[in-house]
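Undergrad:
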Amino acid sequence: MAVGTTRGKRKLGALMEQYREKSGLKADAIIKEVRTSRSTWSRMIAGEARPRWALFFAILSVMKVSDEERERAMALWEIADDEAVPIEHAASLPKSYLRFRRDESEAVVERSVDVVLIPGMLQTPDYAAALAVGNQHLLAGEKWEERAAPERRDRQGLLRREPRPLVLHALIDEAALRREIGGPEVMRAQWDHLLHAAELPNVTIQVIPNRVGAYGALSANMIILEFADDLGSVYLENLIGGDSVEDEDGVAKLRAVWDDAAARALSAGDTVEFIRAMRGS
Numbered sequence: 251m252a253v254g255t256t257r258g259k260r261k262l263g264a265l266m267e268q269y270r271e272k273s274g275l276k277a278d279a280i281i282k283e284v285r286t287s288r289s290t291w292s293r294m295i296a297g298e299a300r301p302r303w304a305l306f307f308a309i310l311s312v313m314k315v316s317d318e319e320r321e322r323a324m325a326l327w328e329i330a331d332d333e334a335v336p337i338e339h340a341a342s343l344p345k346s347y348l349r350f351r352r353d354e355s356e357a358v359v360e361r362s363v364d365v366v367l368i369p370g371m372l373q374t375p376d377y378a379a380a381l382a383v384g385n386q387h388l389l390a391g392e393k394w395e396e397r398a399a400p401e402r403r404d405r406q407g408l409l410r411r412e413p414r415p416l417v418l419h420a421l422i423d424e425a426a427l428r429r430e431i432g433g434p435e436v437m438r439a440q441w442d443h444l445l446h447a448a449e450l451p452n453v454t455i456q457v458i459p460n461r462v463g464a465y466g467a468l469s470a471n472m473i474i475l476e477f478a479d480d481l482g483s484v485y486l487e488n489l490i491g492g493d494s495v496e497d498e499d500g501v502a503k504l505r506a507v508w509d510d511a512a513a514r515a516l517s518a519g520d521t522v523e524f525i526r527a528m529r530g531s
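Under our numbering, the first residue of the sequence shown carries the number 251, and numbering increases by one thereafter.
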């Protein structure tokens with residue numbers, strides 16, 4: 251049984267726990283009946299592992315699920331990935347961020363809003379390294395500044411993924427554009443990189459100018475991930491990693507916040523002119 255959380259496994263685990271509650275059975279009773287271990291059961295429910303087919307079918311039988319419920323569970327089992335996507339420097343990443351990275355690798359659309367920094371998906375290696383130096387007390391492992399750029403490149407590879415590159419729509423607060431990270435030369439190269447990225451057919455960048463004032467997303471950076479099979483999840487960044495929101499109501503509310511911020515931002519074309527003006531100053 252391969253271990254490593256993925257969205258598919260978490261959805262499967264949540265469904266199996268839902269079926270268990272509906273059945274009225276205790277987990278220990280099911281574990282004893284199907285002759286498995288507590289750790290195997292716990293990993294399945296937590297979405298960290300997909301059980302072998304024979305064990306999975308036995309669990310469904312013990313819970314006496316309906317034919318419709320069995321078909322739904324079997325369909326989820328089929329699409330739950332066996333292996334978590336390998337992430338470069340995973341051991342040095344906070345667990346919440348690592349989970350986000352794995353979810354991001356399965357997403358088809360990413361919508362972000364960043365109020366303080368250039369979004370990671372659009373950072374240059376030098377900008378990422380300068381950030382790592384500033385955040386050294388919050389990062390796991392030594393010399394993270396040497397690994398920050400490769401980690402960003404690994405993540406940014408999703409924008410060139412074949413056959414279906416990730417679609418990115420980034421909202422960047424003007425304050426993030428003007429915050430000098432790494433010095434003037436690093437920032438000029440970062441602005442140039444944003445202009446080049448804006449030319450990609452799968453990338454849209456909008457600047458939220460200072461004149462907008464307060465808006466819903468002003469208090470936190472967030473990333474909305476959309477998947478082929480549902481609207482997805484939202485990752486809210488904080489100092490030691492981040493929090494994921496996956497319930498439909500929470501995702502819908504945060505998507506509305508992003509939509510409001512996008513409506514207040516400059517158009518993609520005006521954003522390019524805005525960055526060019528900054529670059530020329």
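All C-beta atoms in this analysis are idealised placements derived from N, C-alpha and C, irrespective of residue type, glycine included.
#1: Output the distance between the C-alpha atoms of A467 and V363, rounded to the nearest integer angstrom.
#2: Going by DSSP in three states, Q373 sits in which element: helix, strand or coil?
#3: So M437 is in the alpha helix (DSSP H); what residue range does that whole segment cover?
#4: Using 8 angstroms as the threshold, is the segment 264-282 in touch with the segment 305-319, meaning 3 or more CB pairs across them?
#5: In three-state DSSP terms, what is I422?
#6: Along the chain, where does the beta strand (DSSP E) containing V315 start, and where does it finish?
#7: Please say whether S517 and D353 have beta carbons closer to each other than 8 angstroms?
#8: Along the chain, which unbroken stretches of the beta strand (DSSP E) at least 3 residues long are found entirely within the segment 455-523?
#9: Could you name the residues of the same chain whose beta carbon sits closer than 6 angstroms to that of L408, not counting the 5 residues immediately before and after it, in chain order?
#10: What are the boundary residues of the alpha helix (DSSP H) that S273 is part of?
#11: Pairs of beta-carbons, one from the segment 496-504 and one from the segment 428-438, closer than 8 angstroms: are there three or more?
#12: Under 7 angstroms Cβ to Cβ from G263, same chain only, skipping five residues before and after it: list those, please.
#13: Evaluate S289 with the Cβ neighbour count: other Cβ atoms within 10 Å of its Cβ, from every protein chain shown; 16 or more gives buried, anything less gives exposed.
#14: Out of curiosity, what's the CA-to-CA distance linking M371 and A515?
#15: I believe L475 touches E360 by the beta-carbon criterion, under 8 angstroms. Please report the beta-carbon distance rounded to the nearest angstrom.
#16: Alpha carbons only, please: which of A330, W291, L421 is nearest the one belonging to D509?
#17: Go ahead and label G463 buried or exposed: buried means 16 or more other beta carbons lie within 10 angstroms of its beta carbon, across all protein chains shown.
#18: Tell me whether the beta-carbon of A506 lies closer than 8 angstroms to the beta-carbon of L486.
#19: What does a CB cutoff of less than 8 angstroms around E267 pick up in its chain, not counting 5 residues either side in sequence?
#20: Can you name the residues that DSSP bridges to R361?
TA: Taking the structure as given:
#1: As the crow flies, the alpha-carbon of A467 is around 7 angstroms from that of V363.
#2: coil
#3: 434-447
#4: yes
#5: Looking at I422 - three-state DSSP - the assignment turns out to be strand.
#6: Premise fails: V315 is in no beta strand (DSSP E) and is neither H nor E.
#7: no
#8: 472-476, 483-488, 491-495
#9: L416
#10: Under the DSSP assignment, S273 falls in the alpha helix (DSSP H) whose first and last residues are 257-273.
#11: no
#12: M294, I295, A296, G297
#13: Under the 10 Å beta carbon count, S289 is surrounded by fewer than 16 other beta carbons and is classified as exposed.
#14: 19 angstroms
#15: 6 angstroms
#16: L421
#17: Under the 10 Å beta carbon count, G463 is surrounded by fewer than 16 other beta carbons and is classified as exposed.
#18: no
#19: I295
#20: H419, I474
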